[in-house]
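Below is one structure, written out as structure tokens; comments come after it.
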Amino acid sequence: MSTTKSSKINIVLGVANVGDGNADPVVRFHEPSEVIAFLDAFTKRGYNQLDTARIYSPHAPGTSEPKIGEVPEKNFIIDTKVNSFHEGAHSKENILKDINDSLSALKIQQINIEYLHQPDRSTDLKEACEAMDQAHKEGKIKYWGISKHTAQEVETIVKICEKNHFIKPSVYQGEYNPIVRSGEKELFPVLRRHNIAFYAYSPAGAGFFAGNHKNVRPGGRFDQSIFIGSLYAERYLKPSISEATEKALAAASSHGISGHAAALRWTAHHGALSKEYGDSVIVGASSVEQLNSNIDAIEAGPLPDDVADALGAVYAEIEDILPYHV
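The structure is reproduced here in structure tokens:
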């Protein structure tokens with residue numbers, strides 16, 4: 001095993017579990033002092049990019065951004081997402097309103113990346129592109145991005161922007177880990193062709209490789225008594241996935257590497273992500289200690305060859321069982 005660290009890939013902190021802890025069991029950082037300590041721990045590691053959304057936290061929508069906004073010293077940049085989960089979500093009017101509301105809640109002058117949280121297929125794509133272009137020209141957003149769209153939708157969005165001289169999306173945020181790799185076939189070639197970076201969320205399968213689905217914690221990603229938990233359970237709890245990951249977990253264990261750390265390292269250093277294209281890994285954490293552990297894992301660099309091969313073989317067994325888009 002090489003002891004040399006690879007070039008450091010950018011790490012973004014997901015803050016979906018920052019919000020109103022009285023209303024949402026998923027929230028782990030509620031009090032201002034907790035939020036500040038969490039963000040300080042992240043920036044002290046040399047990273048400065050946060051990822052939130054209008055609808056965070058999951059069960060108390062709209063409470064994450066204000067909590068971030070209350071932090072007095074913002075030595076970080078903030079990415080957020082419009083609310084894409086209602087009828088007509090991506091009308092020009094609704095997108096511009098969401099951007100203004102986010103700026104107000106976050107108490108900042110400019111959003112770093114503004115995402116379409118997921119496709120709104122009931123609204124003409126041109127409206128969203130035009131809204132993002134206007135917000136960019138007004139200085140309210142620096143970049144914009146898309147999430148969970150198909151490769152064909154990415155192509156369409158780029159063509160609309162080129163035809164109308166709108167600013168094009170710079171980032172695609174999607175689920176990516178040793179299990180979810182279906183985007184490698186059709187999505188990644190499109191992104192590379194259009195110089196769109198990929199930001200990977202759930203880089204360790206929402207804790208699947210840590211065995212969180214076997215020891216379910218209240219408010220955790222696999223707690224089926226709550227909405228977000230039922231979504232992850234439906235997605236990941238399949239016999240074929242469990243069977244395919246066992247060899248990989250055993251290979252990691254033989255080197256004293258936890259399954260969770262191995263998955264993070266595979267995603268950051270062995271998959272399709274590339275620092276050259278500006279790709280990033282979005283990590284979450286339920287505590288400052290876990291945050292540091294996650295960053296330690298990624299910064300440890302590439303895995304031993306046999307562990308990397310074992311994790312790579314997971315997808316060979318299950319293939320496209322989990323789509324990259326909605």
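With the UniProt record's numbering, the residue at position 189 of the sequence shown is 189, and numbering never jumps. Note that the Cβ used here is the ideal one computed from N, Cα and C, for glycine as well. Quick caveat: nothing in here was measured; it's all calculated off a predicted structure.
From what residue to what residue does the alpha helix (DSSP H) around residue i run?
i    : result
E234 : F227 to Y236
V283 : Careful: V283 lies outside any alpha helix (DSSP H), inside the beta strand (DSSP E) at S280 to V283.
V326 : Where V326 is concerned, there is no enclosing alpha helix (DSSP H), given that its DSSP letter is neither H nor E.
S104 : K92 to L106
I141 : No alpha helix (DSSP H) contains I141, which is instead part of the beta strand (DSSP E) from I141 to S147.
V190 : G183 to R193
G69  : S64 to G69
Can you name the start and end residues of the beta strand (DSSP E) that residue i belongs to?
i    : result
Q173 : V171 to E175
S33  : That residue, S33, is in no beta strand (DSSP E); its alpha helix (DSSP H) goes P32 to T43.
L303 : No beta strand (DSSP E) contains L303, which DSSP labels as neither H nor E.
T80  : I77 to V82
CB residue i to CB residue j, shorter than 8 Å?
i    : j    : result
V27  : S57  : yes
G259 : G211 : yes
L50  : F85  : no
G281 : L273 : Sequence check: residue 281 is Val here, not Gly. A contact, by the Cβ cut-off of 8 Å.
A204 : L291 : no
V180 : Y324 : yes
D98  : R45  : no
I160 : C129 : yes
I113 : D79  : yes
Q134 : L106 : no
Taking the alpha carbon of residue i as the point to measure from, which residue in the options has its own alpha carbon closest?
i    : options                  : result
G145 : N164, V281 and F198      : F198
I295 : A261, D320 and G183      : A261
L303 : S33, T267, I226 and A244 : T267
Given this structure, state the Cα-to-Cα distance separating residue i from residue j, to the nearest angstrom.
i    : j    : result
Q173 : E73  : 27 Å
P25  : H165 : 44 Å
N10  : Y47  : 7 Å
M132 : S253 : 46 Å
D124 : S91  : 8 Å
M1   : E317 : Any reading at M1 must be qualified, since the residue scores a pLDDT of 30, below 50, and its modelled position is unreliable; no value is offered.
R193 : L187 : 10 Å
E243 : A206 : 17 Å
T4   : K67  : With a pLDDT of only 33 at T4, under the threshold of 50, the placement of this residue in the model should not be trusted, and no figure is reported.
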